[in-house]
Amino acid sequence: MAKTVIEGGYVVPMTGRDVVIPDGVVAFEDDSLVYAGPPAGFDADGFAADRIVDARGKAVLPGFVNTHIHLIGAYLKGITEDVPGSAAAGLFNRALPILAECRDPDDVYFGALAHATEMVMTGTTTLVNTWHKETNIAPAVRDLGIRASLSEFLVEIGFGGLDAQTLDRPWRTDRLNRSLDAAEALVETWHGKESGRITVRISPGGPGYMSMEGMARSRELADRLGLGINVHIAELPGETEFTRKLYGKRPVEIGRETGVLGPDAIAIHCVFLNDADVAMLAESGATLSHTSYHVAKRGYFPPMDAVYPAGINVALGSDWCSNDLWHYMRAAILVPRAQSGDVGLLSGYDALEMATMGGARGLGMADEIGSLEAGKKADVILVDVARPWLTPIRLENFCSTLVYNANGSDVTDVFVDGQDIVRDRTVVTIDWPEIAGQVQRRAERIWARAEKNF
Ligand SMILES: [Zn+2]
């Protein structure tokens, strides 16, 4: 369909605080938005739509931007969340042994499709992925049709034997060199592919996974290729102790001194921050990818009562299971409120802004995605608001009603680049029942191999 009009819905363009246009019109031609606003300003005859989508009883929003994900994490679901012991026991004692068994490229492909399909069905239209051998992930996001930024996970250490208590890091320069080469190859094979829907960034693992020299070399590569950076930083308990022991510096200081943190960088997790770290992060211009629902499951949380007033651009990221950003919006509001007692910290609209424009800014794509405005990409979602948990509607509080009550399963239709990806709650670009069967069979084999290392 070349020309589509979505009409009759509550359009939330994310162009101003709590702006909602009842009975609004969103029109797009091919991959570009042509109009988003009240019907009075739209020349329907002149546009001559090929297709009209009835959005009565639905909200019409820009698709969400998930700024941090490891799509391979689908195989970890339910296994890693309730592991007793240290806060990161789920990561070190369950996740890493399972991921070590995901060697078959088809395991990666189908697992990635499970996570990416969850994302698109719950309203995410752009994801930012990082993992090893990213060329195995790329076909999954290509086939699904979601917008994706891919990046090779640059590490200077083997994951075997790593745990939160280990302060020693036997650096392996050979491994770093291999991953830098893989990152460059990924750029050649996938950057700008699928009509620009797939792009590539550079992902230094961060101070817990590489030396300062490795961090600096990652920044050099990003600058040479003109690409942005994603970096895990102040992620885990023990990371600060380790970097202080080795360098006498905190993780954010390392990010700054190696040049990794800058306006083109997405700093992931950023949990263990002191006031000086927050100030440094703000000064760097980096975006904080706030993995709210994920880190809360591990029993820790970034000091958001300090982060928000510092003026840092905050976006949302899911890391892995779960990937429904409605959960992340709510956790981003609720946990700091419970910690601080300050109910003014963040509103429903603010959380929606983080899920949309916050992510777009982090990716340097604020002119392309994150809001419904003429000239931007036609990445649009429809949300069924004729549900008991979303009734009644008061326009002044529409965004709060959505954020506190909507679920990913209320998303009915998803367009990326103007293409239908989800129609009436069904993903239409892939055969989900077939893929679900593949993922279940593969998961059982992977778990059987990994269990001996639990
Ligand atoms: Zn991560």
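Residue numbering for the sequence shown follows this note's numbering, starting at 5 and increasing by one per position.
Glycine included, every Cβ here is placed at the ideal spot set by N, Cα and C.
### Task
Please report how far the alpha carbon of Ala447 lies from the alpha carbon of Gly50, in whole angstroms.
Taking the first residue of the sequence shown as position 1, residue 447 is located at position 443. Taking the first residue of the sequence shown as position 1, residue 50 is located at position 46. Cα-Cα distance, rounded: 52 Å.
### Query
Does ligand 1 have even one heavy atom less than 7 Å from the beta-carbon of His236?
As a working note, residue 236 is residue 232 in the sequence shown. Result yes, Cβ under 7 Å from ligand 1.
### Query
Is it true that the region 338-355 meets the region 368-383, where meeting means three or more beta-carbon pairs spaced less than 8 Å apart?
no
### Query
Excluding the five sequence neighbours on either side, which residues of its own chain have a C-beta within less than 7 Å of the C-beta of Glu198, listed in chain order?
Mapped onto the sequence shown, residue 198 falls at position 194. Excluding sequence neighbours, Glu198 sits near Arg146.
### Message
Which of the three DSSP states is assigned to Tyr39 in this structure?
### Response
Start at 1 with the first residue of the sequence shown, and residue 39 comes out as number 35. Tyr39: strand per DSSP, three-state reduction.
### Query
For Ala390, which option in Lys7, Asn411, Thr121 and Gly94 has the closest C-alpha, if you only look at C-alpha atoms?
The residue labelled residue 390 in the question sits at position 386 within the sequence shown. The shortest Cα separation from Ala390 among Lys7, Asn411, Thr121 and Gly94 belongs to Asn411.
### Task
Identify every run of the beta strand (DSSP E) within the region 103-166, keeping only runs that are complete inside it and at least 3 residues long; order them along the chain.
128-135 and 151-158
### Task
Entirely within the region 23-106 and at least 4 residues each: give me those alpha helix (DSSP H) ranges in chain order.
48-51 and 100-104
### Message
Strictly by DSSP, which residues pair up with Gly13?
### Response
For the purposes of this step, residue 13 is taken as residue 9 along the sequence shown, with counting starting at 1. In the DSSP output, where bridge partners are listed per residue, Gly13 has Gly28.
### Message
Tell me which residue opens and which closes the alpha helix (DSSP H) that Ile450 is part of.
### Response
Residue numbering aside, residue 450 sits at position 446 when the sequence shown is read from its first letter. It spans Trp436 to Ala454 - the alpha helix (DSSP H) in which Ile450 sits, taken as one unbroken run.
### Query
Hey, out of Ala92, Ala99, Gly12 and Arg55, whose CA is closest to Ala63's CA?
Against the sequence shown, residue 63 aligns to sequence position 59. For Ala63, the nearest C-alpha among the options comes from Gly12.
### Message
Using 8 Å as the threshold, is the C-beta distance between Ala78 and Ala118 below it?
### Response
Start at 1 with the first residue of the sequence shown, and residue 78 comes out as number 74. Start at 1 with the first residue of the sequence shown, and residue 118 comes out as number 114. Yes, they are a contact pair.
### Query
Taking the runs of the beta strand (DSSP E) that are 3 residues or longer, which of them lie wholly in the region 384-432?
384-388, 415-420 and 423-427
### Query
In terms of residues, what are the limits of the beta strand (DSSP E) holding Ile258?
Looking up residue 258 in the sequence shown gives position 254. Looking at the DSSP string, Ile258 is not in any beta strand (DSSP E); the run it does join, the alpha helix (DSSP H), is Pro255 to Glu261.
### Task
Could you name the residues of the same chain whose beta carbon sits closer than 7 Å to that of Ile450, not counting the 5 residues immediately before and after it, in chain order?
Counting from one through the sequence shown, the residue named residue 450 turns up at place 446. Same-chain partners within the cutoff: Tyr79, Ile102, Glu105, Cys106 and Asp111.
### Message
Using only CA atoms, which one of Phe305, Asn317, Lys7 and Pro17 lies nearest to Arg341?
### Response
Start at 1 with the first residue of the sequence shown, and residue 341 comes out as number 337. When only C-alpha atoms are compared, the closest one is Phe305.
### Message
Could you pull the DSSP bridge partners for Asn234 from this structure?
### Response
Counting from 1 along the sequence shown, the entry for residue 234 is found at position 230. Note: Asn234 sits in a beta bridge opposite Ile270.
### Counted within 10 angstroms of its Cβ, other Cβ atoms place Trp393 as buried (16 or more) or exposed
Taking the first residue of the sequence shown as 1, we reach residue 393 at position 389. So Trp393 counts as exposed.
### Task
Give me the Cβ distance between Arg254 and Ser288, rounded to the nearest whole Å; I'm assuming they're in contact under 8 Å.
Taking the first residue of the sequence shown as 1, we reach residue 254 at position 250. Taking the first residue of the sequence shown as 1, we reach residue 288 at position 284. At roughly 14 Å, the Cβ-Cβ gap does not stay under 8 Å, so Arg254 and Ser288 are not in contact.
### Residue(s) in a DSSP beta bridge with His3
For the chain, the structure presents residues 5 to 458; residue 3 sits outside this window and is missing.
### Query
How would you label Asp428, buried or exposed, when you count the other beta carbons within 10 angstroms and need 16 or more for buried?
Your numbering for residue 428 matches position 424 in the sequence shown. Answer is exposed; the Cβ neighbour count stays below 16.
### Query
Going straight from the alpha carbon of Asn401 to that of Asp22, what length do you get?
Numbered from its first residue, the sequence shown carries residue 401 at position 397. Numbered from its first residue, the sequence shown carries residue 22 at position 18. One C-alpha to the other measures close to 7 Å.
### Query
Going by the CB atoms, is the gap between Ile385 and Val418 shorter than 8 Å?
Along the sequence shown, one-based indexing puts residue 418 at 414. Along the sequence shown, one-based indexing puts residue 385 at 381. Yes; because the gap between Cβ atoms is below 8 Å, this pair is in contact.
### Query
Is it true that the region 174-187 meets the region 152-160, where meeting means three or more beta-carbon pairs spaced less than 8 Å apart?
yes
### Cα-Cα separation, Ala59 to Val15
Numbered from 1 along the sequence shown, position 55 holds the residue referred to as residue 59. Numbered from 1 along the sequence shown, position 11 holds the residue referred to as residue 15. About 9 Å.
### Query
Could you give the distance in angstroms between the alpha-carbon of Val431 and the alpha-carbon of Met125?
Along the sequence shown, one-based indexing puts residue 431 at 427. Along the sequence shown, one-based indexing puts residue 125 at 121. Straight-line Cα distance between these residues: approximately 7 Å.
### Message
I'd like to check one pair, Thr244 with Ile258: are the Cβ atoms closer than 8 Å?
### Response
Counting from 1 along the sequence shown, the entry for residue 258 is found at position 254. Counting from 1 along the sequence shown, the entry for residue 244 is found at position 240. Not in contact: Ile258 and Thr244 (Cβ atoms no closer than 8 Å).
### Distance CB(Ile270)-CB(Thr295) smaller than 8 Å
The residue labelled residue 270 in the question sits at position 266 within the sequence shown. The residue labelled residue 295 in the question sits at position 291 within the sequence shown. Against a cut-off of 8 Å, the Cβ pair of Thr295 and Ile270 comes out as no contact.
### Task
Could you tell me how far apart the beta carbons of Val282 and Val235 are, in whole angstroms, since I believe they sit closer than 8 Å?
As a first step, residue 282 must be located in the sequence shown, where it is residue number 278. As a first step, residue 235 must be located in the sequence shown, where it is residue number 231. Between Val235 and Val282 the Cβ distance is about 16 Å, and since that is not below 8 Å, they are no contact.
### Query
Ala6 to Gly45, Cα distance in whole Å?
For the purposes of this step, residue 6 is taken as residue 2 along the sequence shown, with counting starting at 1. For the purposes of this step, residue 45 is taken as residue 41 along the sequence shown, with counting starting at 1. Spanning the two alpha carbons is a distance of roughly 21 Å.
### Query
Roughly how many angstroms separate the alpha carbons of Met214 and Thr134, rounded to a whole number?
For the purposes of this step, residue 214 is taken as residue 210 along the sequence shown, with counting starting at 1. For the purposes of this step, residue 134 is taken as residue 130 along the sequence shown, with counting starting at 1. One C-alpha to the other measures close to 15 Å.
### Task
Run the CB neighbour count on Val275, radius 10 Å, all protein chains shown included, and call it buried at 16 or more, exposed below.
Stepping through the sequence shown from its first residue, residue 275 is reached at position 271. It counts as buried.
### Task
Go ahead and label Asp172 buried or exposed: buried means 16 or more other beta carbons lie within 10 angstroms of its beta carbon, across all protein chains shown.
If you number the sequence shown from 1, residue 172 lands on position 168. Classification of Asp172: exposed, given that the 10 Å Cβ count is below 16.
### Task
Determine the direct distance from the alpha carbon of Met308 to that of Ala120, and round the result to whole angstroms.
For this step, residue 120 is matched to residue 116 along the sequence shown. For this step, residue 308 is matched to residue 304 along the sequence shown. Each residue's Cα considered, the two are about 28 Å apart.
### Query
Which value, in whole angstroms, describes the spacing of the CA atoms of Ala142 and Leu154?
Translated into the one-based positions of the sequence shown, residue 142 becomes position 138. Translated into the one-based positions of the sequence shown, residue 154 becomes position 150. If I take the Cα positions, the gap works out to 7 Å.
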